[in-house]
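See below for the structure under consideration.
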Amino acid sequence: MNQIWRRGLTTIVTVTMAWLAVWFFFGKIAALLVCAFSLILLGLHQLGNLSKLYEWLAEPDLDALPRGSGAWHSLFYRLHRTERKRAKRLHELNASLDRLRDASEAMPYGVVILNLENRIEWFNSAAQEHFGLNSAQDFGYFIGNLVRLPDFIGFLDAKKTEALVLRSVRGSGLSLSVKQVAIGDRQKLLLSRDITQFERVDRMRRDFVANVSHELKTPLTVLSGFIETFEDLEFDQNQIRQYLGMMREQTSSMLRLVDDLLVLSALESEDNRLREERVGLRTLLESIHQDARVLSAGRHTVTLKLGVEADLRGNERELRSAFGNLVSNAIRYTPTGGKIALSWRLLNGQGFFTVEDTGIGIERQHLPRLTERFYRVDRSRSRETGGTGLGLAIVKHVVSRHDATLEVTSEPGKGSCFSVRFPKTRVLLPEFAGKAV
Ligand code: ADP
6 MNQIWRRGLT
16 TIVTVTMAWL
26 AVWFFFGKIA
36 ALLVCAFSLI
46 LLGLHQLGNL
56 SKLYEWLAEP
66 DLDALPRGSG
76 AWHSLFYRLH
86 RTERKRAKRL
96 HELNASLDRL
106 RDASEAMPYG
116 VVILNLENRI
126 EWFNSAAQEH
136 FGLNSAQDFG
146 YFIGNLVRLP
156 DFIGFLDAKK
166 TEALVLRSVR
176 GSGLSLSVKQ
186 VAIGDRQKLL
196 LSRDITQFER
206 VDRMRRDFVA
216 NVSHELKTPL
226 TVLSGFIETF
236 EDLEFDQNQI
246 RQYLGMMREQ
256 TSSMLRLVDD
266 LLVLSALESE
276 DNRLREERVG
286 LRTLLESIHQ
296 DARVLSAGRH
306 TVTLKLGVEA
316 DLRGNERELR
326 SAFGNLVSNA
336 IRYTPTGGKI
346 ALSWRLLNGQ
356 GFFTVEDTGI
366 GIERQHLPRL
376 TERFYRVDRS
386 RSRETGGTGL
396 GLAIVKHVVS
406 RHDATLEVTS
416 EPGKGSCFSV
426 RFPKTRVLLP
436 EFAGKAV
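Here our numbering is used: the first residue of the sequence shown is 6, the next is one more, and so on.
Dropping the structure here:
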C-alpha cells in the first residue's frame with residue numbers, strides 16, 4: 006500500500022467516524038448535513054490542488070512547485086523529484102552536445118552533415134573555410150549549388166566512398182581531399198581535408214628528383230661515351246691523357262653535386278640542430294680570402310676589409326660553407342680583370358658580411374628565385390664554371406639557421422652585392438670593442 010492509499014484511507018475513516026458520531030449524538034438530519042458539507046470540502050480541496058497542478062504544468066518551474074496537503078503533498082514531492090532528475094539529465098545532455106561541438110570545431114577536418122537530398126544541415130568552421138560556406142544563410146541549401154564543380158556533384162550523386170580531390174574550391178586556391186560517409190539511411194557526413202601544403206611538397210619533391218637525375222645524366226652520358234670509345238678504338242698516350250682529363254672533369258662535377266646534395270640534406274634534416282660555438286671571424290675570413298685568391302688564380306683583384314673586431318655565435322663549418330659559396334659565385338660570375346670585395350662590419354649592433362663584385366650582374370626578375378634549388382640565370386655559364394645550382398640554396402639554409410637574412414642587390418653588366426645580416430644576439434664583441442659598436 007503506498008502513501009496515497011494510506012493518507013486517503015485515513016481521511017475516509019476519520020470522516021466516517023465523525024459522521025457516525027454526529028448521527029449518534031445529533032440524529033440523522035445533522036449527520037446528512039455534515040456528510041454533505043464534508044463531501045463539498047473534500048471536492049473543493051481536490052479541485053484546488055488539481056488547479057495548482059494544472060497551472061504549474063503549463064509553465065513548470067522547479068523553484069515554484071505548488072505546496073499541497075495530504076496525499077497531494079506526496080504527489081507534488083514526487084513530481085518535484087522527477088522534474089529535478091529530468092533537468093539534470095537535460096543539463097548533462099547539453100554539456101555533452103557542447104563537448105561534441107567543441108571537438109568538431111577543434112578537428113582539422115571540415116565536417117558537413119547533409120540530408121538525403123544533399124542539403125546542408127550543419128557544418129563546422131573548418132568546412133566553412135574549405136567550401137566558403139556562410140553560417141548565416143547556407144543551412145538547408147543543396148551543397149552542389151554552392152560548390153559548383155561537376156566532379157563534386159557527380160561524386161555526391163554516385164555516393165562514392167573513395168576520396169575525391171578538389172582544386173581551387175570557390176576560387177580559394179585550396180586543394181581538398183573530400184570523403185562522404187553515410188550516417189544511418191537519412192543523413193551523411195562530408196569530410197574535407199586541406200591537402201594544399203601536401204601537394205606543394207609533393208610537387209617540390211618530384212621536381213627535385215627530376216632535377217637531380219637531369220644533373221647526373223649529362224656527366225654520366227659523357228663518361229659512358231668515353232668508355233665506349235676506349236673499347237672500340239686505339240689511342241696514343243697523349244690522347245688517352247687528354248680524354249682522362251675530360252673524364253675527371255665530369256666525375257668532379259658529379260662529386261660536387263653529390264657533396265652539395267649531402268650538405269643540403271644535412272641542413273634540412275630536422276634532427277640536425279645548429280651546433281653553436283664562438284666563431285673567430287678574423288681567422289675565418291682571412292682563410293676564405295686566401296681560398297678566393299687561389300680560386301681566382303690572379304684573374305681578379307680580391308680584397309678583404311675587416312671592420313670592428315667581433316666574433317659570431319654559430320657554427321664555423323656552416324658559415325664557412327655559406328660564405329665560401331658567395332665568394333666562389335662572385336669569382337665565377339666576374340670576368341677576368343674584375344674586382345671582388347669581401348667585408349665585415351657592424352651597424353647598430355648587427356653584423357654584416359658582404360661580397361661585392363664587378364661581374365655580369367643579375368636582372369631584377371631573377372632575384373626572388375635565386376635561392377631556389379637548381380635555379381640558374383644562365384645555365385651554361387653555371388655549368389662551365391662548375392656550378393651545381395645549389396650554392397645559394399645552401400646559403401639560404403645556413404643564413405636562416407643563424408637567424409640572419411640574405412640581402413641581394415645587382416645591376417646587369419655592373420655587378421652584384423650579396424650581404425648576410427646577423428642579428429645583435431649573434432654578434433659577440435671582445436670586452437674592449439664594446440664602445441665602438
Ligand atoms: P650555381 O652553382 O649555378 O652558381 P647558385 O645557387 O650558387 O648556383 O646560384 C644561382 C644562380 O644565381 C647562378 O646560376 C647565377 O645565375 C646567379 N648568381 C649567383 N651569384 C651570382 C653573382 N655573384 N653574379 C651573378 N650571378 C650570380
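A virtual CB, placed ideally from N, CA and C, is assigned to each residue, including glycine.
> First and last residue of the beta strand (DSSP E) that includes Lys-193?
Replying inline: 192 to 199
>> Pairs of beta-carbons, one from the segment 178 to 196 and one from the segment 220 to 233, closer than 8 Å: are there three or more?
In response: no
> Can you give the Cα-Cα distance for Thr-201 and Glu-368, rounded to whole angstroms?
Replying inline: 31 Å
> So, is Asp-103 buried or exposed, given that buried needs 16 or more other C-beta atoms within 10 angstroms?
Replying inline: exposed
>> When you compare the CB positions of Ser-79 and Glu-110, do they come within less than 8 Å of one another, or not?
In response: no
> In the segment 89 to 156, which residue ranges form an unbroken beta strand (DSSP E) of at least 3 residues, counting only runs that do not cross its ends?
Replying inline: 115 to 120, 125 to 128
>> Mapping the DSSP letters down to three states, classify Val-20 as helix, strand or coil.
In response: helix
> What separation, rounded to the nearest whole angstrom, lies between the Cα atoms of Lys-429 and Leu-351?
Replying inline: 9 Å
>> Can you give me the C-alpha to C-alpha distance between Arg-431 and Gly-319, rounded to a whole angstrom?
In response: 7 Å
> Which same chain residues, not among the five before or five after Tyr-380, have their C-beta less than 6 Å away from its C-beta?
Replying inline: Arg-374
> Helix or strand or just coil, what does DSSP make of Lys-222?
Replying inline: helix
> Which of helix, strand or coil does DSSP assign to Gly-303?
Replying inline: coil
>> Out of His-294, Leu-286, Val-425, which one is the CA nearest neighbour of Ala-346?
In response: His-294
> What distance in whole Å lies between the Cβ atoms of Arg-124 and Phe-147, which are believed to be in contact at a cut-off of 8 Å?
Replying inline: 6 Å
>> Whole angstroms are fine: how far does the CA of Leu-98 sit from the CA of Leu-49?
In response: 41 Å
> Where are the beta strand (DSSP E) runs, 3 residues long or more, that stay fully inside the segment 22 to 72, in chain order?
Replying inline: none
> Considering only C-alpha positions, which residue in the set Leu-290, Gly-303, Arg-388, Thr-359 is nearest to Glu-254?
Replying inline: Arg-388
>> Let me confirm a value: Lys-419 is counted as buried when at least 16 other C-beta atoms fall within 10 Å, else exposed. Which label applies?
In response: exposed
> Taking C-alpha atoms, which residue in Asn-353, Arg-83, Trp-77, Leu-266 lies nearest to Gly-392?
Replying inline: Leu-266
>> So if DSSP puts Glu-412 in a beta bridge, which residue, or which two residues, is it bridged to?
In response: Ser-424
> Helix, strand or coil: how does DSSP classify Lys-440 here?
Replying inline: Bear in mind that the predicted position of Lys-440 carries a pLDDT of just 44, short of 50, making it unreliable; the figure below should be weighed with that in mind. Reduced to three states, the DSSP call for Lys-440 is helix.
> Would the segment 301 to 315 and the segment 282 to 292 be scored as touching if the rule is three or more Cβ pairs under 8 Å?
Replying inline: yes
> Going by DSSP, which residues form a beta bridge with Pro-352?
Replying inline: This sequence places Leu at residue 352; Pro is not what is there. Bridge partners of Leu-352: Gln-355.
>> Cutting at 7 Å between CB atoms, please list the residues of its own chain near Thr-16, excluding the five before and the five after it.
In response: Gly-75
> Is DSSP giving Arg-318 helix, strand or coil here?
Replying inline: strand
>> Quick check on Trp-10: buried or exposed, where buried means 16 or more other Cβ atoms within 10 Å of its Cβ?
In response: exposed
> DSSP three-state call for Ile-399: helix, strand or coil?
Replying inline: helix
>> Let me confirm a value: Asn-150 is counted as buried when at least 16 other C-beta atoms fall within 10 Å, else exposed. Which label applies?
In response: exposed
> From this set, Glu-275, Val-183, Arg-337, which residue's C-alpha is nearest Ser-385's C-alpha?
Replying inline: Arg-337
> Does DSSP classify Val-186 as helix, strand or coil?
Replying inline: strand
> Got a sec, what are the start and stop residues for the beta strand (DSSP E) Gly-285 sits in?
Replying inline: 282 to 285
> Can the beta-carbon of Ser-5 be found less than 8 Å from the beta-carbon of Val-403?
Replying inline: Any property of residue 5 remains undetermined from this structure, which presents the chain solely from 6 to 442.
>> Between which residues of its own chain and Leu-433 is the CB-CB distance below 8 Å, once the five residues before and five after are set aside?
In response: Arg-283, Ala-315, Asp-316, Leu-317, Arg-318
> To the nearest angstrom, how far is it from the Cα of Ala-163 to the Cα of Arg-278?
Replying inline: 50 Å
> Between which two residues does the beta strand (DSSP E) harbouring Arg-384 extend?
Replying inline: Run containing Arg-384: none in the beta strand (DSSP E); it sits in the alpha helix (DSSP H), 384 to 389.
> According to DSSP, what are the bridge partners of Glu-361?
Replying inline: Ala-346, Cys-422
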